[in-house]
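Have a look at the structure below before the remarks.
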Amino acid sequence: MTPTGPVDYAIVGGGLQGCLLAHALAWHRPDAAVWLIERADEICGNHTWSFHETDVAEGARPWFDALVTHRWPGYRVRFPGLSRRVGIPYATISAEGLRDATLRLTLPSQDSRDRRPLIVQTRMACEILSPTSLRCGDGVTIDCGAVIDCRGRAATAEAVGGVGYQTFIGHEYRTARRWPAAEPTVMDVREDQAGGFEFLYELPFGDDRVLLEYTRFHEDPTCDEPRALELISGRLSEAGIDSPELIRTERGCLPMPYAAPERREGPSPAGGYAGGWYHAATGYSMPLAIRFAELVARSRPDRLGGELAAAASRDAMRRGFARFLNRLLFCLVMPEDRWRIFRRFYAVLPEDRIARFYGHRFNAADATRIILGRPPTRLAPLRFARSFFPISRPGFA
Ligand SMILES: Cc1cc2nc3c(=O)[nH]c(=O)nc-3n(C[C@H](O)[C@H](O)[C@H](O)COP(=O)(O)OP(=O)(O)OC[C@H]3O[C@@H](n4cnc5c(N)ncnc54)[C@H](O)[C@@H]3O)c2cc1C
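Residue numbers for the sequence shown follow the numbering used here, beginning at -14 and rising by one.
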């Protein structure tokens, strides 16, 4: 559906960032005409987006809280020799829930019979021409108050160089009986880590559903499907779940940059992955995507560029540190020892520091605490040094 009148905000890309921004604008600028354009058949794709409740900026609660599909009071991590419950509330937004909530914004608002807070256009790819104009798939140029780039990952990871990857394969099952754990296990790390850092991620959704996701941190962006299936089916057997029904599969790969930030250079303000508004070291987008949505919705459109630049500069230490951690992980630490870094993180950090780290709110003292300590015995200092002067992408032979 294309707008018939003037457009105040055109959001290009209906993924996590674009949809959160639509909700923030509907709340903070109820009179604005907002147009969300998505090139795929539907908005939101196929995802489960989890986050720590402490990631949510207070100002965002009024529009954000209703989007949450599941909440747990805490979660567990398991490593060889360490099992810890972290008492930070954890939560999830499903793509289905976010899609439904976003499409509800396209209905006429209660106070006005005709006005719709949002117009959604799917199956249309747009080219952004300037901060206030875009060219639609049909070649028509549209002028608007502000164009916001939420087109997701730039296709530049390999070109930029200096990245590791986090690959995922998640299976959501309907089970005949209740999953044995009531809370998520965010990292279940087994002894054998020869292939790089890998773990299972477990989200129990109520009585009869569970998401089991295999995650691997590696130089190779391809998913190891046989390994994922081996670990997932092993966990189902351990839990005593026979013949569960597979109801959804989600897979993907996130670059974990350590050299230049992965960011699309473009003519308009960019959020989400396109603008570098993600946590480079954890792969979680939610904390920064919420912050970006709040910032855009609260700023005057003509001041947006300046406000975003100021926010990025306030966050520069954190962005740089997250990338430095990736450099340590992928260049200095041997693949089979990477799990030790995460084990130490959970062994020594108190909950307030963990919350600040995941929420991309950590301070210099937190950063120091994260890296101080005895490193694993086998390191690759030459490889680490070479990573600052990349000639070709490094790899462990
Ligand atoms: C398997 C997996 C699990 C993850 N789990 C989590 C998690 O638990 N928590 C978390 O915080 N993060 C998680 N992430 C990361 C998170 O999903 C992404 O970082 C996040 O989706 C980025 O949001 P985005 O809006 O920038 O991009 P996307 O969500 O990718 O959305 C971009 C949208 O723009 C559209 N688009 C692109 N080009 C155009 C164009 N020219 N015109 C119109 N539309 C266009 C795309 O079709 C897409 O729908 C996970 C990622 C993966 C792969």
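Don't be surprised by glycine CBs; every beta carbon is placed ideally from N, CA and C. None of these values were measured; they are calculated from a predicted model.
Coarse secondary structure for residue i, derived from DSSP in three states
i	result
D287	helix
R159	strand
A25	coil
I275	helix
D40	helix
L1	helix
F369	helix
P211	helix
S118	strand
F202	strand
H8	helix
F153	strand
D85	helix
R359	coil
V281	helix
L185	strand
E112	strand
S94	coil
Same chain only: Cβ atoms within 7 angstroms of residue i, ignoring 5 sequence neighbours per side
i	result
A80	C29, G30, N31 and H32
R283	H13
A18	P(-12), G(-10), P(-9), V(-8) and D(-7)
T91	R101, L103, I104 and V105
I339	V71 and I73
M271	W34, F36 and D40
Cβ neighbours of residue i in the same chain (closer than 6 angstroms, five flanking residues each side left out)
i	result
R89	none
E384	Shown here, the chain extends from -14 to 382; a query on residue 384 therefore has no answer.
R69	V62 and Y331
E223	none
Contact test: residue i Cβ vs ligand 2 heavy atom, cutoff 7 angstroms
i	result
Y(-6)	Within the structure as shown, ligand 2 is missing, the only ligands being ligand 1.
Beta-carbon contacts of residue i that lie in its chain and below 8 angstroms, excluding the five residues immediately before and after
i	result
S118	T126, I127, D128, C129 and V132
G290	P116 and P254
R323	Q178, G181, F182, F202 and L314
E44	Correcting the residue type first, residue 44 is Gly in the shown sequence and not Glu. Contacts found: E279 and R283.
CB contact check: residue i to chain D, cutoff 8 angstroms
i	result
H8	The displayed structure is made up of one protein chain only, and chain D is not part of it.
TODO: Would you check if the stretch 230 to 244 and the stretch 336 to 345 touch, i.e. whether three or more CB-CB distances between them fall below 8 angstroms?
DONE: In short, these stretches do not touch, since the Cβ pair count stays below three.
TODO: Please go through the stretch 300 to 357 and give each complete alpha helix (DSSP H) segment of 4 or more residues, from N-terminal end onward.
DONE: Within the stretch 300 to 357, the complete alpha helix (DSSP H) runs of at least 4 residues fall at 301 to 312, 323 to 333, 336 to 343 and 349 to 356.
TODO: Report yes or no: do the stretch 236 to 243 and the stretch 199 to 209 share at least 3 C-beta pairs separated by less than 8 angstroms?
DONE: Touching, yes, given that three or more Cβ pairs across the two stretches are closer than 8 angstroms.
Open item on the list: Runs of 4 residues minimum, wholly inside the stretch 219 to 270: which ones carry the alpha helix (DSSP H) assignment?
Closed with: Taking 4 residues as the shortest admissible run, the stretch 219 to 270 contains no complete alpha helix (DSSP H) segment at all.
Task: the stretch 168 to 180 contacting the stretch 56 to 66, beta-carbon criterion three pairs below 8 angstroms - done: With a cut-off of 8 angstroms, the stretch 56 to 66 and the stretch 168 to 180 count as touching, because enough Cβ pairs lie within range.
- [ ] Could you tell me whether the stretch 250 to 265 touches the stretch -10 to 8, using the rule of 3 or more Cβ pairs below 8 angstroms?
- [x] Contact holds: three or more Cβ-Cβ distances are below 8 angstroms.
TODO: Specify whether the stretch 317 to 328 and the stretch 15 to 25 touch according to this definition: at least 3 beta carbon pairs, one from each stretch, less than 8 angstroms apart.
DONE: Taking one beta carbon from each stretch, the stretch 317 to 328 and the stretch 15 to 25 have fewer than 3 pairs nearer than 8 angstroms; the two do not touch.
Open item on the list: Does the contact criterion of 3 or more C-beta pairs under 8 angstroms hold for the stretch 212 to 221 versus the stretch 349 to 361?
Closed with: Short answer: they don't touch.
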